[in-house]
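Counting from 31, one number per residue, gives the positions in the sequence shown under our numbering.
Where is the CB? At the ideal position from N, CA and C, for every residue including glycine.
Nothing here was measured: the structure is a model prediction, and the numbers come from that model.
Here's the structure we're looking at; comments come further down.
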Amino acid sequence: MTVAGVLLAAGGSRRLGSPKQLLKVNGVTLVERAARHLLEAGCAPVLVIIGADAAYVRDAVSMMAVQCVENADWERGMGTSIARAVSELNDVRFTGIRAALIATCDMPTVSADHLRSLIATSDQGAERVASAYAGPDGGAVVGIPAVLPRADWPTLAELDGDQGARGLLRDSRTLTVSLRHGKFDLDTPDDVAAWRATDGASP
Numbered sequence: 031m032t033v034a035g036v037l038l039a040a041g042g043s044r045r046l047g048s049p050k051q052l053l054k055v056n057g058v059t060l061v062e063r064a065a066r067h068l069l070e071a072g073c074a075p076v077l078v079i080i081g082a083d084a085a086y087v088r089d090a091v092s093m094m095a096v097q098c099v100e101n102a103d104w105e106r107g108m109g110t111s112i113a114r115a116v117s118e119l120n121d122v123r124f125t126g127i128r129a130a131l132i133a134t135c136d137m138p139t140v141s142a143d144h145l146r147s148l149i150a151t152s153d154q155g156a157e158r159v160a161s162a163y164a165g166p167d168g169g170a171v172v173g174i175p176a177v178l179p180r181a182d183w184p185t186l187a188e189l190d191g192d193q194g195a196r197g198l199l200r201d202s203r204t205l206t207v208s209l210r211h212g213k214f215d216l217d218t219p220d221d222v223a224a225w226r227a228t229d230g231a232s233p
């Protein structure tokens, strides 16, 4: 496989008040579920970027064929986790990797099938491909999960703070795949309650 999986799981979940990575869907933590989807989509390697509650998150995926990479700067924002992932993937061990599929664990509507579609549309990592969905105001949004080719990595390596890959993904050359069930971030207790009511997932 020529596409690596990058799972951003380092955040502190301040608005939620507890680690969102460890929320459970039918007994399975969100971080484990998201990592499994990347593996099922054929990504290799799969890097899980950890920071807040690192020991607990690491333990949640300890039985999986993934590599946990600690981001010491996680408190500065998501951009540092993306940059940390790129730094790891630039290692000589991964010279054959053509692209990174970046995902988060707090979008429970994302499936392995959607990730496979992103990879297929990218021509196995040759093209940049983002997910497309409707925003809160009904307008179109382009974002992660997304496949970013190696040519984009120098830009990603410079990210800091809360700045993500949005600038690249909004480029007119970015291909898109519709995320069937839309975007559903789990940032607050109200988000979690709404998600459980809609999805029917047990605690």
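Taking the alpha-carbon positions, what's the D121 to P184 distance?
14 Å
Proximity to R210 [Cα-Cα], best of A142, S152, G197, L119
A142
G47 burial status per 10 Å Cβ neighbour count (16 or more: buried)
For G47, the predicted structure reports a pLDDT of 47, less than 50, and the residue's modelled location is therefore unreliable. The matter cannot be settled from this model.
For the 8 Å Cβ check, are there 3 or more pairs between the region 66 to 75 and the region 125 to 144?
yes
Same chain, Cβ closer than 7 Å to C73, neighbours up to 5 away in sequence not counted
M31, V33, A34, G35, L131
Rounded Cβ spacing between V171 and G165 (contact assumed at less than 8 Å):
4 Å
Verify whether the separation of the beta carbon atoms of A162 and T206 is less than 7 Å.
yes
For the alpha helix (DSSP H) that G197 lies in, which residues bound it at each end?
196 to 199
Do you know whose CA, among L77, G57, S208, A71, lies nearest A40's CA?
L77
For V172: DSSP bridge partner residues:
A162
Beta-carbon proximity list for L186, same chain, < 7 Å, skipping 5 on both sides
I112, A113, V116, L178, A195
Give the DSSP-derived three-state secondary structure of S117 in the structure shown.
helix
Between R123 and P75, what straight-line distance do the alpha-carbon atoms span, to the nearest angstrom?
10 Å
Is it buried or exposed, A176, if we count other Cβ atoms within 10 angstroms and call 16 or more buried?
buried
Are V99 and I127 close, meaning C-beta to C-beta below 7 Å?
no
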